[in-house]
Amino acid sequence: MTASSASGTPRRGPRSTPVTGTGTLIRLILRRDGLWLGAWLLLAWGVVVGRAATLDATYPTAQARAARYAEVMVEVPMFRLFQGPAYGDTAAALFAQETFGGATIVAALGAIAFTVRHTRADEEAGRAELLRSAVCGRHAVLTAALAVVLGAGALLGVLSAVTLVALGLPAAGSSAFGLVCAGAVGVAAALAAVAVQLGRHARTAGIGAFTVFFALHFVRGVSDLGGSGIHWIGWLVPNGWLQRVRPFADERWWALLPVLVLVIGAVGLAYRLSERRDLGSGLVPPRLGRASAPARLRGPVALAWRLNRPMALAWLAGAFAIALPTGYGGSGAMEQYAGGERMREWADAMGAADPGDAFFAYIAFAMGFPIAIYALMTVLRLPAEESDGTAEPLLAAPVTRARWAAGHLLVAAAVSAGLQLALGAGFGLGSGLSSGRVAAELVRMLTLTAGLIPAQWVMIGIAFAAFGAFGRRAPVVAWSALIIAITVEFGQHLGWPQWLFLAFSPFAHVLPFYGPPHPATLGTLVLLAAALCAVGLLALRRRDITS
């Protein structure tokens with residue numbers, strides 16, 4: 000009798016899709032960066048709630064609210080540049096006007112950082128290749144990063160809305176403001192998702208995405224500042240759509256629809272672009288270098304400049320491009336509003352003899368923090384080179400640690416100073432073309448913006464001292480210092496003590512908000528920056544170089 004053996008059909012596992020493994024990657028992201036994700040949400044939520052909690056003390060009467068509305072819409076127009084217009088004279092509407100700029104920028108900054116970190120940065124470090132070698136779909140990494148960031152944005156919107164309602168603000172307006180915050184996260188994450196497909200480096204993608212978002216915010220501000228003639232420009236950018244939702248002032252819910260369409264379209268574009276490139280590469284191919292290095296590329300300073308040159312030139316061009324129309328339009332606006340009593344009072348409070356100086360000091364102050372971001376990123380190439388091993392070949396040659404570090408320090412100091420001067424040149428040329436006094440305006444604006452250079456150098460010194468002492472942990476210290484400086488500045492609008500700003504932000508000592516900087520103050524900041532660099536160099540010599 001012949002026994003027939005049944006041939007069993009092999010069991011097939013679940014069919015793999017482009018998003019297979021997304022759930023596992025989401026859990027991995029939350030495990031790796033759950034603490035930082037919570038810190039970002041807490042900071043963005045704090046910007047919203049901190050201002051809302053002080054509304055009754057800030058605007059106790061209808062007269063105070065009417066005065067603030069007149070200040071924003073009639074007497075001091077520069078508030079509309081970064082904060083936006085006020086759509087009503089209620090306390091809630093004024094809260095939305097004052098908080099819109101800070102809340103959306105903080106929300107966007109975190110969204111871009113986390114999207115880039117868990118996409119392009121993982122590719123650059125080789126982690127994405129390890130993940131893709133397992134059961135992980137082609138789009139799983141991008142999908143997981145977007146799911147976490149967009150989910151965090153939704154959570155931020157819900158928390159903001161619920162807290163505002165708990166503080167006594169109208170439910171409809173609170174919901175609208177929460178959706179505005181969530182929309183800012185969505186726009187920024189979508190921009191970052193596209194940016195990471197273009198180049199090979201995470202830093203380039205992050206800088207590019209935030210630069211685009213900030214430029215869109217600036218375009219929105221110029222449209223609100225310029226009056227009815229160019230108000231329509233604000234409808235061309237997503238930041239303008241978010242502003243025109245008008246929380247607490249006859250909400251326009253339909254203004255969120257183009258934001259949703261943009262986010263969906265940009266995310267879809269990111270997926271399409273990711274299909275057209277190889278893992279680890281970008282759609283924009285790197286430019287081939289020369290067969291032999293030029294004679295000038297013989298030292299660490301020249302090498303540091305060569306590595307930083309593309310980004311430095313882009314920032315310099317961008318600073319001038321932003322400052323030129325601002326100078327031209329700002330000069331005209333100041334001629335229109337300079338005679339107002341409130342404008343004169345505001346200029347006097349800033350220590351400015353001319354309301355035009357007050358306007359440009361306000362803009363220079365706002366632009367000082369983005370320039371500090373560039374300065375810190377340049378210095379923080381040092382811990383990156385140490386951790387990825389590119390510093391070892393240099394130090395194995397006849398190059399001392401001091402010379403290696405000095406190259407990046409000099410580039411950071413020179414370019415940050417150049418950015419301040421580029422702002423001054425743009426302000427001065429634009430204002431001069433508007434008023435017909437080009438030479439005088441150039442001198443005036445260059446003097447104004449050059450005063451912030453020592454503060455930038457102090458931030459550089461903090462970052463380098465952290466690198467010398469803590470090595471690869473330096474970014475945590477450096478970025479924390481900048482976040483603290485920004486936070487205490489926001490605290491000035493919340494009634495925090497002035498000494499906090501003076502103690503924790505070098506910018507407080509060089510701005511006309513507290514009078515023109517004294518030469519002794521400038522010299523002290525320069526000496527402080529030099530001392531911090533000396534501390535960093537001494538610590539660098541005393542520790543091991545890791546890789």
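Heads up, the sequence shown stops at 546 in numbering that gives the first Met the number 0, and the numbers go up one at a time, no gaps. The beta-carbon is built from N, C-alpha and C at its ideal position, and this holds for glycine as well.
query, result
"Taking buried to mean at least 16 other C-beta atoms within 10 Å of its own C-beta, is Val283 buried or exposed?", "exposed"
"In angstroms, rounded to a whole number, what distance separates the CA positions of Ala269 and Ser415?", "32 Å"
"Looking at the structure shown, is Glu250 part of a helix, part of a strand, or coil, going by DSSP?", "coil"
"How many Å lie between Thr448 and Thr23 at the Cα?", "49 Å"
"To the nearest angstrom, how far is it from the Cα of Leu296 to the Cα of Met310?", "18 Å"
"How many Å lie between Gly470 and Pro397 at the Cα?", "22 Å"
"Got a sec? Which residues, its chain only, sit under 6 Å from Thr21 by beta carbon, not counting five neighbours each side?", "Ala139, Thr142 and Ala143"
"Please report the distance separating the alpha-carbon of Leu108 from that of Thr98.", "16 Å"
"Mapping DSSP to helix, strand and coil, what is Pro169?", "coil"
"With burial defined as no fewer than 16 other Cβ atoms inside 10 Å of the residue's Cβ, what is the status of Leu539: buried or exposed?", "buried"
"Of the choices Ile206, Gly205, Val258 and Pro382, whose alpha-carbon is the least far from that of Trp403?", "Pro382"
"Is the Cβ of Ile482 closer than 8 Å to any Cβ of chain D?", "This model lacks chain D altogether; it includes just one protein chain."
"For the pair the region 413 to 430 and the region 302 to 320, tell me if three or more CB-CB distances fall below 8 Å.", "yes"
"Could you check the C-alpha separation between Leu521 and Leu531 for me, to the nearest Å?", "15 Å"
"List the whole-angstrom C-beta distance separating Ile483 from Phe503, where the pair is believed to meet the contact cut-off of C-beta under 8 Å.", "5 Å"
"Under a three-way DSSP split, which group does Tyr86 fall into?", "coil"
"Beta-carbon separation of Val554 and Val186 under 8 Å?", "Nothing can be reported for residue 554: it is not among the residues displayed for the chain, which extend from 0 to 546."
"Run through DSSP, which three-state label would Cys135 get?", "coil"
"How should Thr571 be labelled, buried or exposed, when 16 other C-beta atoms within 10 angstroms of its C-beta is the threshold for buried?", "One cannot answer for residue 571 here, as it falls past the ends of the chain, which runs 0 to 546."
"Could you spell out where the alpha helix (DSSP H) holding Trp35 opens and where it closes?", "Thr21 to Ala51"
"Between which two residues does the alpha helix (DSSP H) holding Thr203 run?", "Ala201 to Leu224"
"What does the Cβ neighbour count give for Ala360, buried or exposed, with the cut at 16 atoms within 10 Å?", "buried"
"How many angstroms separate the CA atom of Gly279 from the CA atom of Glu122?", "5 Å"
"So for Trp234, helix, strand or coil by DSSP?", "helix"
"Would you identify the three-state DSSP class for Thr118, choosing helix, strand or coil?", "coil"
"Could you give the residue range of the alpha helix (DSSP H) that holds Ala557?", "Because the chain here runs from 0 to 546, residue 557 falls outside it and cannot be looked at."
"Find the nearest neighbour of Ala90 within the set Ala201, Ala303 and Pro246, judged by alpha-carbon distance.", "Pro246"
"Over the uninterrupted alpha helix (DSSP H) stretch that includes Val18, give me the two end residues.", "No alpha helix (DSSP H) holds Val18; DSSP gives it neither H nor E."
"Report the residue from Leu224, Gly150 and Gly182 whose alpha carbon sits nearest the alpha carbon of Trp240.", "Gly182"
"Can you give the beta carbon distance from Thr118 to Val148, rounded, assuming they're within the 8 Å contact cut?", "About 10 Å separates the two Cβ atoms, so there is no contact after all."
"Could you have a look at Ser174 and say whether DSSP puts it in helix, strand or coil?", "helix"
"Measuring only the C-alpha atoms, how far is Asp88 from Ala65?", "6 Å"
"Return helix, strand or coil for Tyr270, following the three-state DSSP convention.", "helix"
"Helix, strand or coil: how does DSSP classify His398 here?", "The question names His, but residue 398 is Val in the sequence shown. Of the three classes helix, strand and coil, the one that applies to Val398 here is coil, per DSSP."
"Just how far apart, CA to CA, sit Leu272 and Thr210?", "21 Å"
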